[in-house]
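Residue numbers (the working numbering): 1 to 287.
Note that beta-carbon positions come from the ideal geometry of N, C-alpha and C, so glycine has one too.
Single-structure report; data block below.
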């Protein structure tokens with residue numbers, strides 16, 4: 001039910017300096033200092049995906065008893081339905097000069113931001129397939145490039161190549177000044193034949209919470225995401241995000257019913273999918 005979305009979280013924030021523990025540390029002073037720590041901030045995340053039976057906490061994947069001791073995941077992880085784990089690092093940078101030129105940006109290059117980094121991804125289904133076929137399995141590597149964003153008027157906007165702007169127009173990804181009940185359209189996908197929206201994701205500030213993750217304990221702003229589909233009309237909760245000034249996203253969680261086509265069996269499977277993205281560590285390059 002969920003659709004692929006351009007999904008990078010960045011917020012403009014205050015100019016501060018230094019870094020210590022997990023209680024809302026501050027970042028080096030830079031031009032357009034942002035909620036995600038500013039250019040030079042490096043963050044490490046762990047993201048886990050679980051597949052569960054609909055309406056329960058039972059794992060969707062049934063690992064054969066003969067393979068339980070051979071898979072990388074522990075028995076507890078298997079019971080929690082974990083089927084995918086991603087460990088990766090991302091660094092906030094000014095946009096690559098090639099992108100800046102080819103996308104014909106009009107503002108100074110320092111007004112455009114991108115993430116760069118790499119990581120490893122573990123996939124239970126791939127490991128099971130390897131074991132069944134007597135092959136060696138190892139997690140795959142991937143790049144954590146997350147698109148390009150425009151910093152303008154203390155707001156981060158989504159930015160796409162010129163040939164995609166009509167379908168995916170630039171919209172505020174997140175704003176600098178956030179108050180309870182503030183809301184905005186974060187993502188929009190347009191049918192260019194009618195100029196009508198097909199999909200929109202709305203972000204809404206719903207409060208503040210003390211959040212404890214591996215990287216520390218933070219006083220975080222909580223944002224609820226809701227995705228709307230049009231023609232036919234329906235919507236679904238798209239999870240919650242927690243942001244900390246000068247650090248960025250410290251936690252994201254979602255819990256959704258998923259319908260997915262299984263080409264091997266020529267059928268649609270239905271399962272409950274939970275996701276958790278957690279900040280493991282962070283630091284400011286050059287500090």
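Option nearest residue i by Cα separation, candidates the options
i: residue 209; options: 242, 227, 224, 172; result: 242
i: residue 229; options: 198, 74, 173; result: 198
i: residue 270; options: 39, 277, 276, 257; result: 257
i: residue 108; options: 97, 118, 117, 116; result: 97
i: residue 205; options: 193, 175, 215; result: 175
i: residue 101; options: 55, 227, 162; result: 162
i: residue 255; options: 50, 114, 75, 106; result: 50
i: residue 139; options: 251, 71, 104; result: 71
i: residue 131; options: 226, 68, 93, 284; result: 68
i: residue 158; options: 105, 179, 117; result: 105
i: residue 80; options: 56, 116, 268; result: 56
i: residue 231; options: 200, 224, 225; result: 200
i: residue 148; options: 214, 73, 239, 91; result: 91
i: residue 202; options: 133, 156, 224; result: 224
i: residue 41; options: 113, 196, 189, 52; result: 113
i: residue 367; options: 195, 125, 136; result: Only positions 1 to 287 of the chain appear in this structure, which leaves residue 367 out of reach.
i: residue 116; options: 135, 103, 144, 260; result: 144
i: residue 170; options: 190, 237, 177; result: 190
Burial state of residue i, where buried means 16 or more other Cβ atoms lie within 10 Å
i: residue 142; result: exposed
i: residue 314; result: For residue 314 there is no data in the structure shown, the boundaries of the chain being 1 and 287.
i: residue 54; result: exposed
i: residue 31; result: Caution is warranted here: a pLDDT of 37 is assigned to residue 31, below 50, making its placement in the model unreliable, and no coordinate value can be reported.
i: residue 234; result: exposed
i: residue 150; result: buried
i: residue 94; result: buried
i: residue 251; result: buried
Cross-strand partners of residue i (DSSP beta bridge)
i: residue 248; result: 244
i: residue 233; result: DSSP output for residue 233 lists no bridge partner at all.
i: residue 49; result: 84, 275
i: residue 218; result: 211
i: residue 119; result: 88, 142
i: residue 206; result: Beta-bridge pairing links residue 206 to no other residue.
i: residue 93; result: 114
i: residue 158; result: 149
i: residue 186; result: DSSP lists no partner for residue 186.
i: residue 70; result: DSSP, once it has assigned bridges, lists no residue as partnering residue 70.
i: residue 199; result: 189, 229
i: residue 44; result: 89, 281
i: residue 125; result: According to DSSP, residue 125 bridges with nothing at all.
Residue i (DSSP reduced to helix, strand or coil)
i: residue 99; result: helix
i: residue 31; result: Model confidence at residue 31 stands at a pLDDT of 37, short of 50, so the residue's coordinates are unreliable; what they give is reported in the following sentence. Residue 31: coil per DSSP, three-state reduction.
i: residue 76; result: helix
i: residue 262; result: strand
i: residue 111; result: helix
i: residue 138; result: coil
i: residue 164; result: helix
i: residue 65; result: helix
i: residue 132; result: helix
i: residue 170; result: coil
i: residue 225; result: strand
i: residue 56; result: coil
Inter-residue Cα distance where the pair is residue i and residue j
i: residue 187; j: residue 249; result: 17 Å
i: residue 165; j: residue 246; result: 29 Å
i: residue 212; j: residue 218; result: 6 Å
i: residue 207; j: residue 244; result: 13 Å
i: residue 45; j: residue 278; result: 6 Å
i: residue 88; j: residue 63; result: 26 Å
i: residue 61; j: residue 83; result: 8 Å
i: residue 152; j: residue 111; result: 7 Å
i: residue 281; j: residue 43; result: 6 Å
i: residue 77; j: residue 273; result: 15 Å
i: residue 129; j: residue 266; result: 18 Å
i: residue 181; j: residue 133; result: 53 Å
i: residue 85; j: residue 160; result: 28 Å
i: residue 126; j: residue 185; result: 36 Å
i: residue 52; j: residue 268; result: 15 Å
i: residue 124; j: residue 48; result: 12 Å
i: residue 172; j: residue 221; result: 17 Å
i: residue 284; j: residue 154; result: 21 Å
i: residue 99; j: residue 156; result: 17 Å
i: residue 120; j: residue 73; result: 15 Å
i: residue 216; j: residue 118; result: 23 Å
i: residue 39; j: residue 136; result: 39 Å
i: residue 264; j: residue 178; result: 46 Å
Minimum Cβ-Cβ distance from residue i to chain D less than 8 Å
i: residue 248; result: Among the chains of the structure shown, chain D does not appear; only one protein chain is present.
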